[in-house]
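A.B. asks: Per the numbering used here, the sequence shown starts with residue 44, numbered consecutively.
Yeah, the Cβ is synthetic: ideal placement off N, Cα and C, and Gly gets one too.
I'd like to ask you about the structure that follows.
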Amino acid sequence: MTRLTHLDEHGKAHMVDVADKPSTTRTACAQAQVTMSEQAFQLLNEGTHKKGDVLAVARIAGIQAAKQTSNLIPLCHPLMLTKVQVDFELCPPNQVKIATLAKLNGQTGVEMEALTAASVAALTIYDMCKAVDKGMVIDGVRLLSKSGGKSGDYQAGSGGVND
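Written as C-alpha cells, this is what we have:
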C-alpha cells in the first residue's frame, strides 16, 4: 500500500525533502465551476457588473493564488513557477467553468498550485457576484491531469474516486 509522504515513520507531519530528486518539467491542470443565478450570469457575461470585469479579476486572483500556495497549505514547497494559466468557459444559462494550468521545471509537482488557482478564481467570482446572488455554488474542484516526476502521469478518468 502506498504511504502518505507527509508523515514520517512515527506518524508525524513533515515537509518532504526533495533535495536529491532530479529537476524535471512538471505540469498540472485543474478545474472548478461556479453555478449562479441567470441574472448574475448575464451581468458577468455582458461585462456590466458594477464591480467591473469579474473574469479579469478572477484570472489575476487565480494566478496570484498559485504563486502563494506554499503560504496557504502548510507542507507545500515554495516553487518557482514558470507558467500559470487561468481560463474561463461561460456555459449559459448560468455556469462558469474554470480551467487552470501550472508548470515548472523542478523537484516537486504543481498539482496544489493548479488546484489553488482554480479554487481562488472560483472564490473571487463568488465574491464579486455575491451582491446579486448569495446562493452560488462552487463545485467540481479537481485535478484533471499531471505530468512529470517520479509518480508518473495522471489523467482524470484513470481510476480515481470520481472517475
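Less than 7 Å between the CB of S162 and some heavy atom of the ligand NAP, yes or no?
C.D. replies: With respect to the ligand NAP, the structure shown offers nothing to examine, as it has no ligands at all.
A.B. asks: Just checking my contact of M155 with I116 at CB under 8 Å: how many whole Å lie between their CB atoms?
C.D. replies: Indeed they touch by this definition, with Cβ atoms about 6 Å apart.
A.B. asks: In this structure, what does DSSP give as the bridge partners for D130?
C.D. replies: BP columns for D130 point to A142.
A.B. asks: When you compare the CB positions of A164 and A145, do they come within less than 8 Å of one another, or not?
C.D. replies: The answer is no: Cβ separation not under 8 Å.
A.B. asks: Which class does I116 belong to by DSSP, given the choice of helix, strand or coil?
C.D. replies: DSSP places I116 in coil when its eight states are reduced to three.
A.B. asks: Going straight from the alpha carbon of S66 to that of N148, what length do you get?
C.D. replies: Whole-angstrom Cα-Cα distance: 6 Å.
A.B. asks: Using 8 Å as the threshold, is the C-beta distance between V180 and S162 below it?
C.D. replies: Against a cut-off of 8 Å, the Cβ pair of S162 and V180 comes out as no contact.
A.B. asks: How many whole angstroms separate the CB atoms of L124 and M58, which I take to be in contact at a CB cut-off of 8 Å?
C.D. replies: Not confirmed; about 18 Å, so no contact.
A.B. asks: Within 8 Å of any Cβ in chain C, is that where the Cβ of T68 sits?
C.D. replies: Going by chain labels, chain C is absent from the structure shown, which holds only one protein chain.
A.B. asks: Can the beta-carbon of A142 be found closer than 8 Å to that of A109?
C.D. replies: Against a cut-off of 8 Å, the Cβ pair of A109 and A142 comes out as no contact.
A.B. asks: For D196, which residues does DSSP report across the bridge?
C.D. replies: Looking at the DSSP assignment, D196 forms no beta bridge with any residue, so it has no partner.
A.B. asks: Please confirm if the region 166–180 is in contact with the region 86–104, defined as three or more CB-CB distances below 8 Å between the two stretches.
C.D. replies: In short, these stretches touch, since the Cβ pair count reaches three.
A.B. asks: Please go through the same chain and pick out, in chain order, the residues whose beta-carbon is closer than 6 Å to the beta-carbon of R102, but skip the five residues on each side of it.
C.D. replies: Excluding residues within five positions, the ones whose Cβ falls inside 6 Å are V129.
A.B. asks: Use the C-beta contact count for H53: other C-beta atoms within 10 angstroms, 16 or more gives buried, fewer gives exposed.
C.D. replies: The residue in question, H53, is exposed, as its Cβ has fewer than 16 Cβ neighbours within 10 Å.
A.B. asks: Taking a contact to mean a Cβ-Cβ separation below 8 Å, would you say V71 touches G195 in this structure?
C.D. replies: With the sequence shown as reference, residue 71 is identified as Ala, and Val is not the correct amino acid for it. Result no, Cβ atoms of A71 and G195 do not sit closer than 8 Å.
A.B. asks: With distances taken from CA atoms, which of Q74, R69, T91, H120 is nearest A62?
C.D. replies: The option with the nearest alpha carbon to A62 is H120.
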